[in-house]
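Participant:
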Amino acid sequence: MIWHVARRELLSRLRSPFAWVVAGTWLALQGLMFTLILGVYLRASRDGGEWEEESLPLLSGLIDPLYSSQSLLLLLFMPLLTMNLLAGEQRGGTLPLLLSSPLSTLSVVLGKWLALLAYVSGLLFVGGALAPITMIWFGEPPLMPMLGAGLGLLLLAGALGALGLLASSLSGSQLVAAVVTWTTSLGLWMLAVLETGDGPAAALARHGSLLVHVRSFGQGLILGADVAWLLAFAALGLLIAWQRLESWRWR
Amino acid sequence: MTALIARLIGVLGALAAVVTLGALAAAPELPGLRTLGLTAAVGLGGWLYLDWPAVSSWVRSRGGLEAARAALLVLLGGAILSVAVALVSRADPRWDLSPGGRHSVTSQTAAILATLDGPPIEVTGFFMAAGDPVAVRHRAHWDALADAFAAAGPSLVVRTFDPDVSRREADQAGVTDNGVVLISRGARKERLYAPDERTLVTAIVRVARERTRAVYVSAGHGERPLDTVSGLSLTDLSAELRALGLAVRPLDVSRTEIPDDAAVLIVADPSLPLAQAAAEQIDDWLDGGGALLVAAEPGRDTGLGPLLAASGLALGPGLVVDPLVRSVTGDASTPMVARYGLHASVRGLRTPAVFLGASPVIEAPHAPTEVTVHRLAETSELAWAESNPGEQPLTQGAGDAAGPITLLALSERHPSGRSAGTIVLAGDADWLANDGMRNPGNRDLAVRLLGALANEQDLIELPPRDLPQGSLAMDWLDQVVVGLVALLGIPGLCLGVAAGLWIRRRGM
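Just so you know, the protein sequences line up as chains P and W, in that order. The number in this note's numbering is simply the position in the first sequence, starting from 1, with 206 added. The number in this note's numbering is simply the position in the second sequence, starting from 1, with 10 added.
#1: Here's a check: name, in chain order, each residue in its chain whose Cβ is nearer than 7 angstroms to the Cβ of residue 296 of chain P, leaving out the five neighbours to either side.
#2: Alpha carbon to alpha carbon, how far is residue 96 of chain W from residue 277 of chain W?
#3: How is the beta strand (DSSP E) around residue 171 of chain W delimited, first residue to last?
#4: Tell me which residues share the same chain as residue 26 of chain W and place their Cβ nearer than 7 angstroms to its Cβ, disregarding the 5 neighbours each side in the sequence.
#5: What's the call for residue 236 of chain P, buried or exposed, on a 16-neighbour Cβ count within 10 Å?
#6: Whose Cβ in chain W lies nearer than 7 angstroms to the Cβ of residue 452 of chain P?
#7: Short of 6 angstroms in beta carbon distance, which residues of its chain neighbour residue 365 of chain P, apart from the five on each side in sequence? Order them along the chain.
#8: Taking a contact to mean a Cβ-Cβ separation below 8 angstroms, would you say residue 369 of chain P touches residue 390 of chain P in this structure?
#9: When you compare only the Cα positions, how much space is there between residue 262 of chain P and residue 224 of chain W?
#10: How many Å lie between residue 217 of chain W and residue 283 of chain P at the Cα?
#11: Taking DSSP's pairing of strands, which residues face residue 106 of chain W in a bridge?
#12: By a C-beta neighbour count over all protein chains shown, 10 Å radius and 16 as the cutoff for buried, is residue 247 of chain P buried or exposed?
#13: Spell out whether any CB of chain P is found under 8 angstroms from the CB atom of residue 346 of chain W.
#14: Going by other Cβ atoms of all chains shown within 10 Å of its Cβ, with 16 needed for buried, is residue 318 of chain P buried or exposed?
#15: Under three-state DSSP, which class holds residue 140 of chain W?
#16: Under 8 angstroms between the Cβ atoms of residue 508 of chain W and residue 230 of chain P?
#17: Is residue 173 of chain W near residue 191 of chain W, with beta carbons less than 8 angstroms apart?
#18: Cα separation between residue 84 of chain W and residue 372 of chain P?
#19: Quick one: give me the first and last residue of the beta strand (DSSP E) that residue 76 of chain W is part of.
#20: What is the DSSP secondary structure of residue 256 of chain P, counted as helix, strand or coil?
#21: Just mark residue 171 of chain W as buried or exposed, buried being the case when its beta carbon has 16 or more other beta carbons within 10 Å.
#22: Buried or exposed: where does residue 188 of chain W fall if 16 or more other Cβ atoms within 10 Å of its Cβ makes it buried?
#23: Roughly how many angstroms lie between the CA atoms of residue 343 of chain P and residue 389 of chain W, to the nearest whole one?
#24: Just checking: is the beta-carbon of residue 241 of chain P within a distance shorter than 8 angstroms of some beta-carbon in chain W?
#25: Spatial neighbours of residue 329 of chain P within its chain, please: C-beta separation below 8 angstroms, excluding the five flanking residues on both sides.
#26: Touching or not, the region 118-137 of chain W and the region 440-452 of chain P, by the rule of three or more beta carbon pairs under 8 angstroms?
#27: Candidates W:404, W:110, W:55, W:413: which alpha carbon is nearest residue 387 of chain W's?
#28: Quick one: residues in its chain with C-beta nearer than 6 angstroms to the C-beta of residue 241 of chain W, no 5 flanking neighbours on either side, listed in chain order?
#29: On the DSSP bridge list, what partners appear for residue 318 of chain P?
#30: Give me the DSSP bridge partner(s) of residue 388 of chain W.
#31: Name the one or two DSSP bridge partners that residue 278 of chain W has.
#32: Pick helix, strand or coil for residue 345 of chain P, following the three-state DSSP scheme.
#33: For residue 15 of chain W, which residues in the same chain have their Cβ closer than 8 angstroms to its Cβ, ignoring the five residues on either side in sequence?
#34: Using a cut-off of 9 angstroms between C-beta atoms, extract the partners of residue 489 of chain W located in chain P.
#35: DSSP state of residue 239 of chain W, grouped into three classes?
#36: Measure the alpha-carbon distance for residue 316 of chain P versus residue 308 of chain P and round it to whole angstroms.
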């Protein structure tokens with residue numbers, strides 16, 4: 207059932223020009239960031255100096271900044287990609303039809319989330335593949351940190367997708383859903399600014415900030431606690447979205 | 011109006027309850043949780059009290075029951091997920107994918123930390139989290155190091171404070187500067203400034219030890235000094251040994267008993283021979299398992315000849331001449347080590363050490379059952395022991411011993427099968443002095459040899475972090491091509507598909 211919903215959702219997305227425009231814009235921005243970061247890295251490598259105290263120029267000078275830029279793009283685009291997931295069904299009047307079908311609400315939620323994840327993974331792969339291909343073609347990059355960064359992006363996409371799905375279940379307005387997702391994810395991201403220090407605010411930032419839990423992936427370090435936090439974040443979002451959708455059945 | 015206020019209070023109370031429950035599971039150390047919990051209770055209680063008629067009728071309706079079930083499910087799910095995150099955080103599994111394991115301590119450091127027993131050692135770093143770029147970079151380096159050490163085992167409690175923010179902690183520790191790291195266990199304390207891995211682990215070992223082991227340098231007979239900075243003194247060697255966690259102190263063996271904490275005794279170029287009583291004291295101490303390094307300049311009597319001879323070591327006649335060095339420096343009397351021996355004390359050494367005017371070291375007659383002699387460092391076959399150093403130019407004569415010439419030898423004494431001390435003999439003292447220690451080969455040899463004699467091989471074998479850099483080389487044309495593909499090629503493809511779909515939908 208879940209796969210059926212996911213397949214239908216993914217195909218419907220791929221048949222939508224809007225999804226391809228979003229993908230094109232995303233990939234253009236990703237390409238711009240890659241070109242800029244690559245240029246800065248190559249110039250700094252030629253000039254020397256900027257990274258002279260760093261022990262891993264390619265990791266800290268290229269892979270990590272690329273990972274950060276892709277994370278920011280996820281933050282920017284996930285609200286646009288998720289706003290329509292359930293709010294569109296509510297607004298278009300197809301939600302009652304969906305709920306009266308033999309599909310369980312859980313399979314609807316999980317199917318939509320998986321379809322979104324597949325679409326975003328495709329974008330990350332297509333857009334992100336150029337960087338490793340370039341690095342392998344023109345140099346000798348460390349490959350494992352790039353795989354770690356890919357895992358981090360996938361987990362972040364899962365967490366933000368679940369948040370977007372939840373926001374989309376709260377209102378029939380796609381705009382409201384996008385704004386809620388965007389402000390919440392940005393707020394959780396920006397919480398990291400409180401991390402500088404040792405007080406309660408810093409502790410709260412260390413435990414609650416999205417940025418704190420995703421940044422080590424780009425540095426070639428995968429922390430089990432971060433993986434668990436991101437998975438739990440996604441699971442909680444999906445759980446609430448599921449219960450929210452369930453509430454439509456008895457209304 | 012009352013109902014609206016009540017519901018608002020209820021929502022705030024519910025939010026506080028969720029945050030409290032999550033924090034209790036994931037981060038129970040967070041301050042203010044009690045207040046937050048109280049806020050949750052007051053909020054939820056206030057809502058129930060103020061809005062009870064509506065609440066009671068809603069709860070009895072089907073919607074109320076379903077909502078309560080959903081809320082319970084969400085709360086239960088949230089609690090389970092929080093506990094799961096807390097358990098994983100406590101176990102702290104980590105996978106370091108960076109080249110060279112940048113985020114982890116080396117296996118040698120991990121092995122050393124694993125041997126620490128007793129109560130945990132506190133490692134507290136005071137680094138500013140914000141400020142000028144240098145401070146921020148120091149903090150980032152420290153954070154990575156602290157994480158790696160904290161993950162290395164339960165023997166350490168690693169904490170970090172910003173001295174500008176955590177004034178109380180900084181004052182208590184007496185820290186006024188940025189970049190200070192304090193290592194303590196009980197009354198034993200060490201203070202470092204922005205340490206690297208090797209400095210930190212040696213300091214931790216120093217603090218962990220009940221007693222500091224010491225290297226004593228013989229004094230009182232015109233030996234090389236420890237407290238005067240000159241080319242002939244031993245201050246650089248002393249600094250290297252201190253970095254290994256060893257105390258370095260002078261000792262007049264003619265007047266003072268060798269202390270219990272002595273690991274190694276160095277006798278470096280005494281201008282007056284040591285008295286027989288001093289030699290006997292050293293012999294007795296060696297019998298108890300001590301280690302002696304004798305570095306004698308050519309022609310000088312150290313007073314330890316009989317002790318050395320009984321251990322199978324002696325200085326041969328003449329001066330070592332090395333034509334290999336002459337071809338580089340023009341001075342043939344500074345022989346270079348061409349080969350290190352197989353003994354553990356010099357194993358793995360690559361960089362050649364240079365001796366600055368040395369007597370050859372030879373094996374004295376000895377009983378192999380009681381003494382084993384190892385050649386630690388030799389010249390090439392081209393060198394020889396010149397019996398007439400005044401001869402100009404220096405040429406190998408018939409009476410000169412042919413190379414390879416031993417520059418450094420070690421004797422292990424084991425009468426009746428029991429270990430009774432180790433003696434190392436060098437026919438030169440300058441290689442250990444500041445002039446000689448400028449050569450990296452001399453530094454490596456001295457540190458490894460003395461570290462081995464003091465049983466500190468683990469710390470010596472901590473290698474410098476040789477982290478792979480990765481590389482990328484592109485010219486401007488490559489950059490342009492990659493930029494065009496990234497900016498126009500891939501996005502253009504997507505926009506083309508979008509246009510195609512749009513046209514198809516419009517039936518154009």
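Beta carbons: idealized from backbone N, C-alpha and C, even for Gly. Model, not experiment: these values are computed from the prediction.
Facilitator: In short, the structure shows the following:
#1: 378
#2: 58 angstroms
#3: 166-171
#4: 46, 49, 50, 53
#5: buried
#6: 80
#7: 436, 439, 440
#8: yes
#9: Confidence at residue 262 of chain P is low in this model, with a pLDDT of 40, below 50, so the placement of that residue is unreliable and no value is reported for it.
#10: 52 angstroms
#11: P:427
#12: buried
#13: no
#14: buried
#15: coil
#16: yes
#17: no
#18: 13 angstroms
#19: Segment 72-101 is the alpha helix (DSSP H) holding residue 76 of chain W; no beta strand (DSSP E) there.
#20: Note on residue 256 of chain P: pLDDT 45, under 50, position unreliable in the model; the coordinate value appears next. Here residue 256 of chain P sits in coil by DSSP.
#21: buried
#22: buried
#23: 47 angstroms
#24: yes
#25: 229, 232, 233
#26: no
#27: W:413
#28: 444, 445
#29: Answer by DSSP bridge pairing: none, since residue 318 of chain P is not bridged.
#30: W:349, W:416
#31: W:305
#32: strand
#33: 60
#34: 241, 244, 245, 248
#35: coil
#36: 15 angstroms
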